[in-house]
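Below is one structure, written out as structure tokens; comments come after it.
2 protein chains.
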Amino acid sequence: MSAVIKNKALELNPNVSVDCVIFGFDFDQLHCLLIDSGLSKTTGRSRLAVPGDLIYDNETLDEAANRVLKELTGINNIYLEQVGAFGDPNRMGKESDKEWLKSLRAEPDARVITVAYFSLVKMNDFNPEASSFAESAGWAPIKEIDELAFDHREILECALGQLKRKIKIQPIGFNLLPQKFTLSQLHKLYESILNKPLDKRNFRRKILNLKILTPLNEKQVGVPHKPSQLFEFNEENYQKLSSEGFDNFGF
Amino acid sequence: MSAVIKNKALELNPNVSVDCVIFGFDFDQLHCLLIDSGLSKTTGRSRLAVPGDLIYDNETLDEAANRVLKELTGINNIYLEQVGAFGDPNRMGKESDKEWLKSLRAEPDARVITVAYFSLVKMNDFNPEASSFAESAGWAPIKEIDELAFDHREILECALGQLKRKIKIQPIGFNLLPQKFTLSQLHKLYESILNKPLDKRNFRRKILNLKILTPLNEKQVGVPHKPSQLFEFNEENYQKLSSEGFDNFGF
DNA sequence: CTTTGAAAGTGTGTTAATGACACATAGCTA
DNA sequence: TAGCTATGTGTCATTAACACACTTTCAAAG
Chain A
1 MSAVIKNKAL
11 ELNPNVSVDC
21 VIFGFDFDQL
31 HCLLIDSGLS
41 KTTGRSRLAV
51 PGDLIYDNET
61 LDEAANRVLK
71 ELTGINNIYL
81 EQVGAFGDPN
91 RMGKESDKEW
101 LKSLRAEPDA
111 RVITVAYFSL
121 VKMNDFNPEA
131 SSFAESAGWA
141 PIKEIDELAF
151 DHREILECAL
161 GQLKRKIKIQ
171 PIGFNLLPQK
181 FTLSQLHKLY
191 ESILNKPLDK
201 RNFRRKILNL
211 KILTPLNEKQ
221 VGVPHKPSQL
231 FEFNEENYQK
241 LSSEGFDNFG
251 F
Chain B
252 MSAVIKNKAL
262 ELNPNVSVDC
272 VIFGFDFDQL
282 HCLLIDSGLS
292 KTTGRSRLAV
302 PGDLIYDNET
312 LDEAANRVLK
322 ELTGINNIYL
332 EQVGAFGDPN
342 RMGKESDKEW
352 LKSLRAEPDA
362 RVITVAYFSL
372 VKMNDFNPEA
382 SSFAESAGWA
392 PIKEIDELAF
402 DHREILECAL
412 GQLKRKIKIQ
422 PIGFNLLPQK
432 FTLSQLHKLY
442 ESILNKPLDK
452 RNFRRKILNL
462 KILTPLNEKQ
472 VGVPHKPSQL
482 FEFNEENYQK
492 LSSEGFDNFG
502 F
């Protein structure tokens with residue numbers, strides 16, 4: 001990795017980075033992908049962070065975010081959306097942060113403003129071993145995430161807020177589910193994101209009214225209860241709905 | 252102005268700027284504050300742009316945006332909200348842009364990513380003469396704005412989009428009106444922002460139901476028609492509504 | 001001083017969306 | 001074959017959204 005950095009060092013912009021809040025769903029809880037920098041020498045605690053990197057001077061911000069995602073998950077063409085810029089001069093001011101930066105960056109003291117993105121990935125598609133990015137990486141349930149490096153906690157809150165607002169208006173949740181899924185899984189997903197219970201029947205009615213789900217001639221197998229109908233996301237009707245501005249929607 | 256820049260040159264970050272899309276309302280149309288760089292030597296046309304500047308290394312992004320606003324309008328504590336970061340490597344690639352930058356910046360060729368903000372100002376409070384910022388500055392009706400310098404056209408669109416989305420959910424329009432205003436003025440404002448007609452009676456009902464307007468014991472005077480009731484924005488009830496998440500709302 | 005023009009202000013009926021709520025069904029397992 | 005577990009389904013009451021037209025008040029003009 002350091003070889004890579006050296007080769008491109010001239011193009012690395014020391015002042016601007018991107019950070020990616022990557023959400024995943026395991027049919028039970030909402031998760032976030034975190035990297036681990038290893039143990040801090042001073043505090044002895046591990047530093048968890050959201051993946052991110054300085055940008056290259058010849059790439060757009062979106063390209064940088066996609067690159068980070070690709071490097072980390074190996075996945076291309078993921079749902080990705082900008083959250084905003086974070087630029088407190090002291091955002092990397094903690095001792096343990098500085099320590100980490102020294103081992104990582106050519107100019108560890110440079111002022112860095114970061115542009116945050118959030119992305120939704122199908123946990124199935126992502127193989128955690130594929131990471132060539134950090135010492136280790138893994139999924140953490142959102143509810144169990146405590147302190148993070150830099151201002152990443154704030155970034156995470158902000159990204160989660162944006163996801164909540166967004167999913168109330170625009171059906172983007174499918175990006176977190178496998179291609180074939182059940183309505184209960186979708187229901188659970190919405191409850192996890194919005195962090196509140198939703199009435200089952202009303203939820204089904206609303207989602208089905210959108211006409212963006214295609215029922216398949218397939219059912220769950222091997223479950224110890226009534227097997228449920230599988231559905232597929234219907235890209236075509238979604239486009240139609242999208243062009244109308246997702247008006248008849250709301251949770 | 253160049254003296255100011257020289258004094259603080261060491262602290263200026265060459266890679267990050269803020270740009271402020273400043274909206275105003277003249278009781279008829281939505282306007283945007285633009286600065287004029289003077290005539291380009293190559294194209295002979297004037298370069299209009301949204302006000303913006305490189306940030307100092309010891310200020311937050313919000314502070315930078317507030318500073319730019321202060322320098323331009325003399326007004327403090329204005330409604331201000333981040334729109335997002337814009338970072339296309341070619342965003343300042345036009346010849347006329349480069350020409351302008353050379354006259355303006357210590358490192359005119361540096362890659363600059365910019366963080367856009369939008370703000371709402373009461374046009375009454377703003378004295379255009381007060382500007383110490385650009386060769387000239389003035390209000391332009393949104394509908395008449397054509398090409399702008401850099402990627403400012405895109406930034407403007409984006410800010411306007413955010414304003415539209417926001418005002419549907421959160422009653423922030425009062426920031427564009429004087430302290431005392433009529434319902435018709437507010438009505439017109441909403442129509443201008445959303446760029447579509449809204450039914451008068453339904454509009455009045457909805458706004459009044461929010462209970463964030465205090466009717467005053469005052470009426471318009473000197474108008475050649477039935478004088479209308481004046482209202483004032485009620486900060487206290489707004490806070491109450493705010494804490495409930497602005498649920499019962501929507502245009 | 002009467003007429004005219006111009007915007008303010010006001011209420012109802014219809015339709016669509018929302019939210020609350022309970023029981024029968026299908027498949028697996030013990 | 002009895003029991004467990006999650007699926008799947010309909011109605012009613014309430015609330016929000018939308019469409020729509022006439023009277024009132026003032027100033028200005030004649």
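Going line by line, the protein sequences match chains A and B. Each residue of the first sequence is one higher than the one before, starting from 1 at the first, in the working numbering. Each residue of the second sequence is one higher than the one before, starting from 252 at the first, in the working numbering. From the three backbone atoms N, C-alpha and C, an ideal C-beta is built for every residue, glycine too.
query: Indicate whether the contact test is met: 3 or more Cβ pairs, each with one atom in the segment 296-315 of chain B and one in the segment 61-71 of chain A, closer than 8 Å.; result: no
query: How big is the Cα-Cα spacing for A/Leu186 and A/Asp109?; result: 45 Å
query: B/Ser494 by DSSP, collapsed to three states: which one?; result: helix
query: In angstroms with no decimal places, state the Cα-to-Cα distance between B/Gln280 and A/Ile142.; result: 45 Å
query: For the segment 388-451 of chain B, list the beta strand (DSSP E) runs that are entirely contained and at least 3 residues long, ordered along the chain.; result: none
query: Are the C-beta of B/Gly303 and some C-beta of chain A separated by less than 9 Å?; result: no
query: Roughly how many whole angstroms lie between the Cα atoms of B/Lys419 and B/Ile364?; result: 30 Å
query: Between the segment 273-287 of chain B and the segment 367-378 of chain B, do at least 3 Cβ pairs fall closer than 8 Å?; result: yes
query: Is there contact between the segment 222-235 of chain A and the segment 176-183 of chain A, where contact requires at least three CB pairs shorter than 8 Å?; result: yes
query: Select from B/Pro478, B/Pro422, B/Asn426 the residue whose C-alpha is nearest the C-alpha of B/Ile458.; result: B/Pro422
query: Check whether the segment 305-321 of chain B touches the segment 407-415 of chain B, counting contact only when three or more Cβ pairs, one atom from each stretch, lie closer than 8 Å.; result: no
query: Does any C-beta atom of chain B lie closer than 9 Å to the C-beta of A/Gln162?; result: no
query: Among B/Ala400, B/Pro265, B/Phe454, B/Leu461, which has the Cα closest to the Cα of B/Glu346?; result: B/Ala400
query: Assuming A/His31 contacts A/Ala140 (C-beta within less than 8 Å), just tell me the rounded distance between them.; result: 6 Å
query: With DSSP run on the structure shown, which of helix, strand or coil describes B/Lys349?; result: helix
query: Is any beta-carbon of chain B found at less than 9 Å from that of A/Arg111?; result: yes
query: Identify every run of the beta strand (DSSP E) within the segment 45-99 of chain A, keeping only runs that are complete inside it and at least 3 residues long; order them along the chain.; result: 46-49, 52-56, 79-86
query: Straight-line CA distance for B/Glu405 to B/Leu449?; result: 27 Å
query: Anything in chain A within Cβ reach of B/Val372, meaning under 9 Å, just list it in chain order.; result: Near B/Val372 there are no residues of chain A at all, since even the closest Cβ is about 22 Å away, more than 9 Å.
query: Give the interface partners of A/Leu61 over in chain B, defined as CB-CB distance under 7 Å, in chain order.; result: Ala336, Gly338, Ile364
query: Please list, in chain order, all residues of the same chain as B/Asp498 whose beta carbon is under 8 Å from its beta carbon, the five residues on each side excluded.; result: none
query: Closest Cβ-Cβ distance between B/Asp450 and chain A: below 9 Å?; result: no
query: Assign B/Asp348 to one of two classes, buried (16 or more other C-beta atoms within 10 Å of its C-beta) or exposed (fewer than that).; result: buried
query: Shortest alpha-carbon distance to A/Asn217 belongs to which of A/Arg111, A/Pro227, A/Asn15, A/Asn209?; result: A/Pro227
query: Just to confirm, is the Cβ distance from B/Phe500 to B/Leu440 under 9 Å?; result: no
query: Since I believe B/Arg342 is in contact with B/Asp402 (beta carbons under 8 Å), could you give me their beta-carbon distance rounded to a whole number of angstroms?; result: 4 Å
query: Helix, strand or coil for A/Leu104? Go by DSSP, reduced to three states.; result: helix
query: Relative to the C-alpha of B/Thr465, which candidate in B/Glu487, B/Glu398, B/Lys415, B/Gly424 has its C-alpha closest?; result: B/Glu487
query: If we define contact as Cβ-Cβ less than 9 Å, is B/Asn309 a contact residue for chain A?; result: yes
query: Can the beta-carbon of A/Leu194 be found less than 9 Å from the beta-carbon of A/Phe251?; result: yes
query: Residues of the segment 263-275 of chain B in Cβ contact with chain A at a cutoff of 7 Å, in chain order, please.; result: Asn264, Asn266, Val267
query: Go ahead and pull the three-state DSSP assignment for B/Ile364.; result: strand
query: To the nearest angstrom, how far is the alpha carbon of B/Ala316 from that of B/Ile329?; result: 10 Å
query: Taking the Cβ atom as the reference point for each residue, do A/Leu75 and A/Asn13 lie within a distance shorter than 9 Å?; result: Residue identity check: residue 75 of chain A is Ile in the sequence provided, not Leu. No. Outside cutoff.
query: Span of the beta strand (DSSP E) holding B/Asn468?; result: 464-470
query: Please report how far the alpha carbon of A/Asp88 lies from the alpha carbon of B/Asn453, in whole angstroms.; result: 43 Å
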